[in-house]
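Read top to bottom, the protein sequences are chains R and H.
Residues 345 to 483 in our numbering are what the first sequence lists, from first letter to last.
Residues 345 to 483 in our numbering are what the second sequence lists, from first letter to last.
Virtual Cβ for every residue (Gly too), placed ideally from N, Cα, C.
These figures come from a predicted structure and were not determined experimentally.
Number of protein chains: 2
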Amino acid sequence: MSAAEQPEGGVRRQSRQRSAVLTLLDELDGFRSAQDLHALLRDRGDSVGLATVYRALQALVDDGQLDVLRSPDGEAAYRRCSPSHHHHLVCRTCGRTVEVADPPVERWAARIAAEHGFVDVQHDVEVFGTCAACAAAHG
Amino acid sequence: MSAAEQPEGGVRRQSRQRSAVLTLLDELDGFRSAQDLHALLRDRGDSVGLATVYRALQALVDDGQLDVLRSPDGEAAYRRCSPSHHHHLVCRTCGRTVEVADPPVERWAARIAAEHGFVDVQHDVEVFGTCAACAAAHG
DNA sequence: GGTGCGCATGAGAATCATTCTCGCATGGTC
DNA sequence: GACCATGCGAGAATGATTCTCATGCGCACC
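The structure is reproduced here in structure tokens:
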């Protein structure tokens with residue numbers, strides 16, 4: 345833990361557990377917590393250790409194959425998504441997620457940062473709401 | 345935990361510890377974690393329990409006097425700020441923060457949500473970067 | 001097809017932030 | 001000045017995530 349940050353790791357080995365995690369995420373369309381995913385895997389018979397789920401998720405995040413979201417109570421939620429830059433519109437009732445890619449926000453963030461002399465800018469945008477289906481069911 | 349969510353609390357009592365937390369936050373201009381704040385209070389001689397710091401912070405957040413930010417490693421960070429709606433531009437090196445209030449993003453979020461049939465919309469935007477001072481010091 | 005190396009796995013312990021418990025102190029009110 | 005609810009503090013409890021370490025197994029090579 346002093347210097348080398350393994351530039352491109354070694355081989356990323358294929359394993360039953362990792363494909364199980366990825367497969368499960370492919371079938372779900374909302375953000376799920378690591379604990380949730382672990383429970384779901386157990387349910388469907390794919391016995392996987394909790395630590396392994398965390399490791400698999402981190403590896404996938406590193407690869408850019410997953411997006412992470414931190415719920416207000418501190419739990420991390422993961423979701424399979426396209427590798428290009430985008431943001432999320434999340435239903436706070438059913439968890440359904442829509443990927444949103446919109447140049448205006450990107451430009452806005454860049455402009456705001458530039459105005460204040462900030463460089464090397466990243467941004468983080470999430471929009472929460474109630475989707476049409478849930479709003480209808482609720483009313 | 346069944347029904348009553350004390351609508352407007354009772355009396356919010358004044359105490360040495362609460363003012364100490366608020367005073368400290370007034371003097372700092374970046375986001376600080378609860379643990380940090382607790383340590384700082386101890387350092388300056390204001391002996392305050394950790395639980396009390398958390399309670400005070402939550403009360404202040406409820407009052408809208410503080411903003412909360414969740415760092416990627418799951419720690420919550422707090423900062424004194426204006427009560428009106430705004431977002432933050434945060435220096436990832438020194439933690440310096442600039443409040444940004446800009447109508448375009450608000451409109452963007454509302455539009456995106458509307459396009460997908462979402463209602464009752466909230467959004468969460470943070471912009472991270474390196475401020476001019478830190479960029480200069482670093483290069 | 002067989003062998004070996006090294007990363008991956010898994011169970012449980014460890015860690016860390018946060019919340020809860022409970023008895024005591026004290027602010028604010030009458 | 002007394003009373004009662006709310007705040008305090010120390011430490012235990014909780015819950016998510018990470019670490020440890022012995023064993024398992026994917027994959028490259030023969």
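Would you kindly work out how many angstroms separate the C-alpha atoms of residue i and residue j, rounded to a whole number?
| i | j | result |
| --- | --- | --- |
| A364(R) | L385(R) | 8 Å |
| G418(H) | G461(H) | 31 Å |
| H431(H) | A454(R) | 14 Å |
| H429(R) | S415(H) | 20 Å |
| L381(R) | D387(H) | 42 Å |
| S426(H) | F375(H) | 14 Å |
I'd like to check one pair, residue j with residue i: are the Cβ atoms closer than 9 Å?
| i | j | result |
| --- | --- | --- |
| F472(R) | V465(H) | yes |
| S377(H) | A420(H) | yes |
| L401(R) | Q379(R) | no |
| R451(H) | A403(H) | no |
| V469(H) | V449(H) | yes |
| R390(H) | L368(H) | Checking the sequence shown, residue 390(H) turns out to be Asp, not Arg. Contact flag set, yes. |
Going by C-alpha distance, which of the options is nearest residue i?
| i | options | result |
| --- | --- | --- |
| T396(R) | H432(R), Q361(R), D468(R) and A458(R) | Q361(R) |
| V442(H) | P427(H), D373(H), R399(H) and L381(H) | D373(H) |
| R424(H) | R455(H), R356(H) and L366(H) | L366(H) |
| R399(R) | A458(R), A481(R) and Y422(R) | Y422(R) |
| T474(H) | A457(R), P427(R) and H382(R) | A457(R) |
| S359(H) | E459(H), P447(H) and V392(H) | V392(H) |
| H467(R) | C478(R), H382(R), P447(R) and A477(R) | P447(R) |
Using the Cβ count rule (16 or more neighbours within 10 Å means buried), how would you classify residue i?
| i | result |
| --- | --- |
| V463(R) | exposed |
| E371(R) | exposed |
| A309(R) | It is not possible to answer for residue 309(R), since the shown part of chain R is limited to 345 through 483. |
Inter-stretch contact at 8 Å, needing at least 3 Cβ pairs: the region 430–438 of chain H / the region 404–419 of chain R
no
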